[in-house]
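Residue numbers for the sequence shown follow full-length UniProt numbering, beginning at 1 and rising by one. Notes follow once the structure below has been shown.
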Amino acid sequence: MPIYDRHSMGHLPSAHASKDTIATFLASAHAVDVATWIEQLPVAERSQQLLDVDPGRRANVFGKMSLAAQTDLAGTVAAADLARIVTRMDADDRADLFNHLAPDDQKALMAELDEADRADIRRLSVHGDRSVGALMTSDYAVLAEDMTAKDALAALGRQAPDTETIYRSYVLDESRHLMGSIRLHELVLADDMTPVAALMEADPISASSDASREDVAHLIARYDLLALPVVDADGILLGIVTHDDAADAMQAEMTEDFQKISTVLPFSQNMRQASIRLLYSKRIVWLALLVFGNLFSGAGIAYFEETILAYVSLVFFLPLLIDSSGNAGAQSATLMVRALATGDVVLKDWRDLIGRELFIAAALGATMALVVFPLGIWRGGSDVALVVGMTMFLVVIIGSLVGMSLPFLLSRLKLDPATASGPLVTTISDALGVLIYFSIATTMLSL
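Written out as structure tokens, the structure is:
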């Protein structure tokens with residue numbers, strides 16, 4: 001019976017388990033489980049446990065760790081040991097690690113690598129974190145047009161140990177222009193003497209080197225690709241992006257969007273490892289800014305002080321009305337942010353969508369007005385009920401239109417539309433709701 005349940009995090013060995021138990025775990029557990037266990041250890045103990053992993057699987061374990069954990073470990077492992085790990089890592093993963101190392105650690109690592117690995121890291125590490133280059137790997141299989149199916153299979157057998165995938169290979173000319181791609185099963189099923197040129201898919205779907213990682217992920221998902229080639233302006237193959245790397249990138253983007261929706265500045269560390277100082281600094285900025293935004297609501301209430309004193313019952317409905325406006329706005333903003341992120345909606349669609357949103361918001365506002373109208377009669381009579389009902393109708397419409405339009409405006413200004421959701425839309429809707437509510441009350445109640 002195994003000493004741990006690989007499907008349960010709770011059954012990973014403790015840091016104080018016996019040496020035999022830990023040794024058995026390091027030798028037999030899945031690389032993901034070993035990486036998770038090492039990350040849970042105190043920082044001072046991680047490097048020794050990593051070096052206790054068999055050299056043949058050490059790079060695989062290291063590669064399954066978060067980038068933050070890899071960076072921390074790289075600062076505690078000797079440069080020669082780190083170089084042996086990095087040499088066995090996937091090309092894109094080691095480029096990401098290199099970009100996050102301190103300059104002194106970068107120099108020490110490069111000094112321990114051979115020229116081929118140094119050149120590969122330099123080529124991949126020049127790309128920004130948000131570009132396709134950050135996802136791209138140089139570990140791909142290459143074939144020539146004049147090869148036969150038999151020759152191609154033999155070539156793939158030689159290249160397989162150094163590539164991320166051989167299920168799709170890329171056909172290049174002598175200048176490394178991308179001529180086509182070919183799937184492994186087509187080579188396996190073809191006659192031995194069938195030329196690769198007859199089997200390949202000419203002009204395969206590819207991405208340009210200046211594409212964003214979101215664009216690449218969408219292409220891979222749309223066309224159900226295992227990997228996507230990346231070419232420069234001249235059609236020369238620079239690398240490929242595999243579907244798993246694209247999925248990781250999309251997960252990171254979704255995490256960042258959720259953080260922005262909650263008005264938290266983006267951070268890459270997971271919640272368990274993030275320091276108190278980091279979490280504080282990422283949350284305090286927007287909270288402080290929203291305080292000043294809420295001052296407009298307070299100023300509106302102060303301006304209509306006479307109305308409030310004359311009809312104290314109006315205060316009862318204030319939280320209900322402004323919260324309804326904010327909630328309607330947050331709904332619209334969240335739907336629109338997601339639609340913009342997935343490409344279902346583009347900037348030019350705003351004019352078409354604004355009319356539909358107005359109709360939907362009017363229906364929602366009318367329904368909610370009918371709900372609160374009896375409450376208005378109960379708390380303040382028919383006059384107050386009419387004020388509350390009309391206000392509800394208007395604030396839901398205004399909140400919905402603000403929530404729908406703000407993501408478009410931010411996109412037009414080249415800002416992330418995710419910032420428009422949640423508290424930001426709610427703050428704007430609250431201020432407008434206060435002004436609308438007490439303006440209607442002052443007018444209709446003859447004050």
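Glycine residues also receive a C-beta, built at the ideal position from the N, C-alpha and C atoms.
Check	Outcome
Tell me the DSSP bridge mates of Ser208?	Val231
What are the partner residues of Glu201, as DSSP defines its beta bridges?	Ser181
On the CB-based measure, 16 or more other CB atoms within 10 Å of its CB, does residue 536 come out buried or exposed?	The requested residue 536 is not part of the displayed model; the chain covers only 1 to 447.
Go through its chain and collect everything with a Cβ distance to Ser8's Cβ below 7 Å, but skip five positions before and after it.	With a pLDDT of 41 at Ser8, under the threshold of 50, the predicted position of this residue should be treated as unreliable, though the coordinate-derived value follows. Closer than 7 Å at Cβ, skipping near neighbours: no residue.
Starting from the C-beta of Leu435, find all residues in its chain whose C-beta is less than 7 Å away, skip the five residues before and the five after it, and write them out in chain order.	Gly300
Alpha helix (DSSP H) containing Thr443: first to last residue?	423-444
Are the stretch 304-318 and the stretch 372-389 in contact at 8 Å, needing three or more beta carbon pairs?	yes
Just mark Ile440 as buried or exposed, buried being the case when its beta carbon has 16 or more other beta carbons within 10 Å.	buried
Give me whichever residues DSSP pairs with Arg118 in a beta bridge.	Answer is none; Arg118 lacks a bridge partner.
For Val196 and Val231, what's the separation of their Cα atoms in angstroms?	21 Å
Which same chain residues end up closer than 6 Å to Met200 when comparing Cβ atoms and leaving out the 5 residues on each side of it in sequence?	Val171, Gly180, Ile182
For Gly365 versus Ile397, is the C-beta spacing smaller than 7 Å?	yes
May I ask you to list the residues that DSSP assigns as paired with Ile236?	His177
Measure from the alpha carbon of Phe359 to the alpha carbon of each residue in His243, Ser400, Ala149, then state which is nearest.	Ser400
Is it buried or exposed, Thr443, if we count other Cβ atoms within 10 angstroms and call 16 or more buried?	exposed
According to DSSP, simplified to helix, strand and coil, what is Thr137?	strand
Rounding to the nearest angstrom, what Cα-Cα distance links Asp383 and Leu445 in this structure?	7 Å
Between Pro407, Leu406, Phe408, Leu375, which lies nearest to Met392 when the distance is taken from Cα to Cα?	Leu375
Give the straight-line distance between the Cα atoms of Asp139 and Ser429, rounded to the nearest whole angstrom.	51 Å
Between the C-alpha atoms of Gly433 and Leu278, what's the straight-line distance to the nearest angstrom?	35 Å
Take every Cβ of the stretch 95-110, pair it with every Cβ of the stretch 209-221, and state whether three or more of those distances are shorter than 8 Å.	no
Specify the secondary structure class of Leu172 as computed by DSSP and reduced to three states.	strand
Looking at the secondary structure, which residues open and close the alpha helix (DSSP H) in which Leu353 lies?	350-412
For the candidate residues Met89, Gln48, Gly56, whose alpha-carbon lies nearest to that of Asp75?	Asp is not the amino acid found at residue 75; the sequence shown has Gly there. It is Gln48 whose Cα lies nearest to the Cα of Gly75.
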